[in-house]
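A.B. asks:
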Amino acid sequence: MRMDTVIMGGGLSGLTCGIALAKRGQRVTIVASGQSTLLFNGGSMELLGHIEGKAVTAPLEAIGTLPQSHPYSKIGADNIAALADEAKQLLADAGIDMEGSAAVNHWRITPMGVAKPAWLTLNENMRIDSLGKLPAKHLVLMCIRGFFDQPNGMLAQGLRELGFEVKTVEFTTDDITALRRSPSEMRATTLTKRLVSHNALQRIADQINNLAGEAEMVLLPSVFGQTDSTDFQTLQSLVKKPLRLVATLPPSVAGGRMQTLLRHYFKMLGGNYLMGDSAVSGQFDGDRLLSVTTAKLGDMPLRANNYVLATGSFISRGLVADYERVYEPVFDLDVDADGDREQWTRFDVLEPQAYSRYGVATDGDLRCMKQGKPIQNLHAIGSVLSGHDAIKMGDGTGVSLLTALAAAKNILSGK
Amino acid sequence: MAERMQLCNISDNNFEECTKCSICTTVCPVTAVTTDYPGPKQAGPDGERYRLKDPAYYDKALKLCLNCKRCEVACPSGVHIADIIQHARMRAGEGQRASLRDTMLANTDLLGKVANLVAPIANATLGLSPTKLVMDSVMAIDKHRTFPAYSRQKFTTWFKRHAAKQQDAFSNHVSYFHGCYVNYNFPKLGQDLVKLMNAIGYGVHMLDKEQCCGVALIANGLYKQAKRQARTNAASIRQSVNIAHRTVLTTSSSCTFNLRDEYPSLLDVDTSDVRDGIMLATRFIYNLVDEEKVKLVFRQDYKRRMAYHTACHMQRMGWQLYSIELLRMIPGLDLVELEQECCGISGTYGFKKENYERSQAIGSVLFKHIEDAKVEAVTTDCETCKWQIEMSTGLPVENPISVLADALDVDATRRANSI
Chain H
1 MRMDTVIMGG
11 GLSGLTCGIA
21 LAKRGQRVTI
31 VASGQSTLLF
41 NGGSMELLGH
51 IEGKAVTAPL
61 EAIGTLPQSH
71 PYSKIGADNI
81 AALADEAKQL
91 LADAGIDMEG
101 SAAVNHWRIT
111 PMGVAKPAWL
121 TLNENMRIDS
131 LGKLPAKHLV
141 LMCIRGFFDQ
151 PNGMLAQGLR
161 ELGFEVKTVE
171 FTTDDITALR
181 RSPSEMRATT
191 LTKRLVSHNA
201 LQRIADQINN
211 LAGEAEMVLL
221 PSVFGQTDST
231 DFQTLQSLVK
241 KPLRLVATLP
251 PSVAGGRMQT
261 LLRHYFKMLG
271 GNYLMGDSAV
281 SGQFDGDRLL
291 SVTTAKLGDM
301 PLRANNYVLA
311 TGSFISRGLV
321 ADYERVYEPV
331 FDLDVDADGD
341 REQWTRFDVL
351 EPQAYSRYGV
361 ATDGDLRCMK
371 QGKPIQNLHA
381 IGSVLSGHDA
391 IKMGDGTGVS
401 LLTALAAAKN
411 ILSGK
Chain Z
416 MAERMQLCNI
426 SDNNFEECTK
436 CSICTTVCPV
446 TAVTTDYPGP
456 KQAGPDGERY
466 RLKDPAYYDK
476 ALKLCLNCKR
486 CEVACPSGVH
496 IADIIQHARM
506 RAGEGQRASL
516 RDTMLANTDL
526 LGKVANLVAP
536 IANATLGLSP
546 TKLVMDSVMA
556 IDKHRTFPAY
566 SRQKFTTWFK
576 RHAAKQQDAF
586 SNHVSYFHGC
596 YVNYNFPKLG
606 QDLVKLMNAI
616 GYGVHMLDKE
626 QCCGVALIAN
636 GLYKQAKRQA
646 RTNAASIRQS
656 VNIAHRTVLT
666 TSSSCTFNLR
676 DEYPSLLDVD
686 TSDVRDGIML
696 ATRFIYNLVD
706 EEKVKLVFRQ
716 DYKRRMAYHT
726 ACHMQRMGWQ
736 LYSIELLRMI
746 PGLDLVELEQ
756 ECCGISGTYG
766 FKKENYERSQ
776 AIGSVLFKHI
786 EDAKVEAVTT
796 DCETCKWQIE
806 MSTGLPVENP
816 ISVLADALDV
826 DATRRANSI
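Below, the structure is given as structure tokens:
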């Protein structure tokens, strides 16, 4: 099967790259081994959140100070602003409406009530532009009775520490109570499927209108709208006070929605998305990749002019560690990782961990290295890249989006 | 060294790889519509931990699982969640007799043989409201369901009388595992395959001995019978692939998945040596076209707008690409690829009275997508999806092979392939 480009990995970076290429008329196939880590995303994108433990206010400026090994440096600090605009537009074209600027970070609220710097946040989610200027003083946190995915106490405590006056109110409706028959499934992604009818939303609105009291703003867990923001908008129209959602523990409704919308958009542009399949090996001719064998297509490998590796980090099995080494399991590409296993981790899990920065080695154009030489038609993008740290630097989603767009440009220009 | 044992300590179902991320639950069509089912994570790897300690932890709600495999497709860690659930059901069902209703539904070929003999009577009777009421109340087969009509002439009878003789004249050959549906209900699909393969220079042959693949037997707990039939089929397939060097083609995604993957994983009937020799006809034909070994020429006057539905087992096999890409070769076909959703029938599941409402609730998302697509017909590789979609949307549903055969300019294709 012959394509213009085959992308291995169907998460944020793979889909973004696929969309950018398909929009320019390329025939693209994405091989996605299961759902992606986008389902762990609460509805925000980060460009650069922290450098050495300090919160970044102006990411575009801070990016200029990153070392040459960071993916942003490879795609050129001067190109970041334009790529960030392009990424925001691509998300909007897919139906993902987010607010934010690459020049100045705002703050998103984690499910545990911590404020973290962010670049883009879904319109309906709680966001704070400046910690000195809160969007409201008095909040009511509406807690769903029996709900698993929101630690209410910690969330309220965190919000109070940010300066909010927070009242927590527990509530339920018949629709929610019915779900409690299966206590293991009182989860965000299950609830969202039951809270779609106008009547179900009206029952929630009634509770909010009765219980919200004097609060200026109502906070709810993000369980509305698995396919778009219509359910949230309906609910807002039924509630008298301004409403904001707070990210839940994963799997998240917002993340699932973003994944679905990006996949729809990609397929609408004519792309093939092979869900539940994975690349297992490649056939090389010198410094070129000729074809990729997948688990499901078996003896009929995928052939393309260009290939993109977007298989993610350890959690998505784009990287694997055994007792001996860290390796890239599809092509055995060169990886940037310590040889000595003792160096991989630190005992305190909250400390920066060396393995977070491990990834495949690339040249200045994001082409993968194998035995010290770049593979001419194989780019790496997203979390599989070395030199960044999604957890400690808050650069994961930004690297995924921007390297995807940069690689697409390289491919289209024949670089 | 002791810690290295971890590397060897991986079960067949990859059960240890579960990270409890719960992504499987987000795609489960049953969890979406009922609180009676604990969801794939709980029913699969989580519950298995308890069941390994004590089989008494088996939860009867596991019978609500459709075995659609969507959880396995979604799992980022490669855990065979549905297999874990199926195995648990098998272990719990050992020594128990299946009900008359389940036995009847499961024996698709036995039912077909009898019904073929009396097709006009069977079709009329099975469609009558008194019969449906009796089936509903006595047999617990839901009255809303209409049994697929039985053909007066079996596919194999047609083949013997009208096609078998011509097949040896071709220079290339394949075998055809037609399955129960083609044989008893819808011989036209088999005839379409013969028409298509003959037009590109391939003779089509029956297997030495074909029995029902057993997918419905497994779903209804008749494992011993399923195993017996699997052994018979495996022997015939081996004869075709290894001795006669004929690839075994199929036109049903569920039969194919069963022959290739469920035989070894659920029934312990090893088909690994011939697995690559069993495939959907769309994959086989796509590959021939892709490698420029054959050409397909389509009718100029063909014009239709259809939606392609990826059956759950088709997605589990990962082969929808072949059917879709082949269909896209038809110039007059405006093809809409539907978002993958479960239709809710899952073989015999939706026929059972206790499952009817759940089955329709599960399918409602897909039916809405089909309605929104504004198409004149739907195409899918699964026959039970066909029944469900036809009953629920009123639109005709065709197998991609039938669509291709219909759109094909047979004479021009034969000329293009010098036949």
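Protein chains in written order, with the numbering used here: chain H, 1 to 415; chain Z, 416 to 834.
Ideal placement from N, C-alpha and C gives every residue a C-beta, glycine not left out.
Everything numeric in this text was worked out from a predicted model, so none of it was measured.
1. Are the Cβ atoms of Val384 (chain H) and Leu269 (chain H) separated by less than 7 Å?
2. Alpha carbon to alpha carbon, how far is Asp427 (chain Z) from Gly146 (chain H)?
3. Does the region 113–130 of chain H come close enough to the region 157–175 of chain H to have 3 or more Cβ pairs within less than 8 Å?
4. From Z:Ala555, Z:Pro455, Z:Lys708, Z:Tyr638, pick the residue whose C-alpha is nearest to that of Val494 (chain Z); which is it?
5. Taking a contact to mean a Cβ-Cβ separation below 7 Å, would you say Asn673 (chain Z) touches Cys628 (chain Z) in this structure?
6. Buried or exposed for Asp676 (chain Z), going by 16 or more other Cβ atoms inside 10 Å?
7. I'd like to know whether the C-beta of Asn272 (chain H) is nearer than 7 Å to at least one C-beta of chain Z.
8. To the nearest angstrom, how far is it from the Cα of Asp474 (chain Z) to the Cα of Val445 (chain Z)?
9. Suppose the cutoff is 6 Å on Cβ atoms and the five residues either side in sequence are ignored; what does the same chain contact list for Asn770 (chain Z) look like?
10. Could you say which of H:Thr168, H:Asn377, H:Glu185 lies nearest to Arg288 (chain H) if we only look at CA atoms?
11. Give me the Cα-Cα distance between Ala136 (chain H) and Asp149 (chain H), rounded to the nearest whole angstrom.
12. Locate the alpha helix (DSSP H) running through Thr450 (chain Z), then write down its first and last residues.
13. Using the beta-carbon of each residue, which ones in chain Z are nearer than 9 Å to Lys267 (chain H)?
14. Rounded to whole angstroms, what's the CA-CA distance from Asp583 (chain Z) to Gly618 (chain Z)? Just pull it up for me.
15. Going along the chain, which residues of its own chain have a beta-carbon closer than 7 Å to the beta-carbon of Val239 (chain H), five neighbours each way excluded?
16. Does any residue of chain Z bring its CB to less than 7 Å from the CB of Met258 (chain H)?
17. Assess contact between the region 684–692 of chain Z and the region 502–510 of chain Z, defined as three or more Cβ pairs (one per stretch) separated by less than 8 Å. Is contact present?
18. The alpha helix (DSSP H) with Met729 (chain Z) in it runs from where to where?
19. Can you pull the chain H neighbours of Leu736 (chain Z), defined as C-beta to C-beta under 7 Å?
20. Please return the same chain residues whose Cβ sits closer than 6 Å to the Cβ of Ser437 (chain Z), not counting the five positions on each side in sequence.
21. Between which residues of its own chain and Met416 (chain Z) is the CB-CB distance below 6 Å, once the five residues before and five after are set aside?
22. Where does Gly605 (chain Z) land, buried or exposed, given buried means 16+ other C-beta within 10 angstroms?
23. Quick one, which of H:Thr294, H:Gln26, H:Asp348, H:Ser33 has its alpha-carbon nearest Gly11 (chain H)'s?
24. State yes or no: is the beta carbon of Ser400 (chain H) nearer than 7 Å to at least one beta carbon in chain Z?
25. In chain Z, which residues lie with their C-beta within 7 Å of the C-beta of Gln35 (chain H)?
26. Provide the residue(s) that pair with Ile556 (chain Z) in DSSP beta bridges, ordered along the chain.
27. So, helix, strand or coil for Lys54 (chain H), using DSSP?
28. From the DSSP output, in three-state form, read off Asn832 (chain Z) for me.
29. Taking 7 Å as the CB-CB cut-off, is Thr450 (chain Z) touching chain H?
30. From the DSSP secondary-structure annotation, give me the bridge partner or partners of Ala279 (chain H).
31. Which residue's Cα is closest to the Cα of Ala579 (chain Z): Z:His620, Z:Lys435, Z:Phe601, Z:Val597?
32. Figure out for me which residue from H:Leu333, H:Leu91, H:Glu46, H:Arg341 has the closest Cα to the Cα of Tyr323 (chain H).
33. Are any of the Cβ atoms in chain Z nearer than 7 Å to that of Met277 (chain H)?
34. Pick from Z:Lys639, Z:Leu810, Z:Glu791, Z:Arg661: whose alpha carbon is nearest that of Ala696 (chain Z)?
35. Glu798 (chain Z) and Ser667 (chain Z) look like a contact to me (Cβ under 8 Å); what is the Cβ gap, rounded to whole Å?
36. Buried or exposed, going by whether 16 or more other CB atoms sit within 10 Å of the CB of Asn657 (chain Z)?
C.D. replies: The relevant details are as follows:
1. no
2. 36 Å
3. yes
4. Z:Pro455
5. yes
6. buried
7. yes
8. 16 Å
9. Tyr764
10. H:Asn377
11. 25 Å
12. Note, Thr450 (chain Z): premise wrong, no alpha helix (DSSP H); not H, not E.
13. Glu752, Glu754
14. 6 Å
15. Ala205, Ile208, Asn209, Val218
16. no
17. no
18. 727–732
19. Asn272, Leu274
20. Lys456
21. Bear in mind that the predicted position of Met416 (chain Z) carries a pLDDT of just 47, short of 50, making it too unreliable to give a figure here.
22. buried
23. H:Ser33
24. no
25. Ile438, Ala489, Pro491
26. Z:Lys767
27. strand
28. coil
29. yes
30. H:Thr294
31. Z:His620
32. H:Arg341
33. The amino acid at residue 277 (chain H) is misidentified as Met; the sequence shows Asp. Closer than 7 Å to some Cβ of chain Z, the Cβ of Asp277 (chain H) qualifies, so yes.
34. Z:Arg661
35. 6 Å
36. exposed
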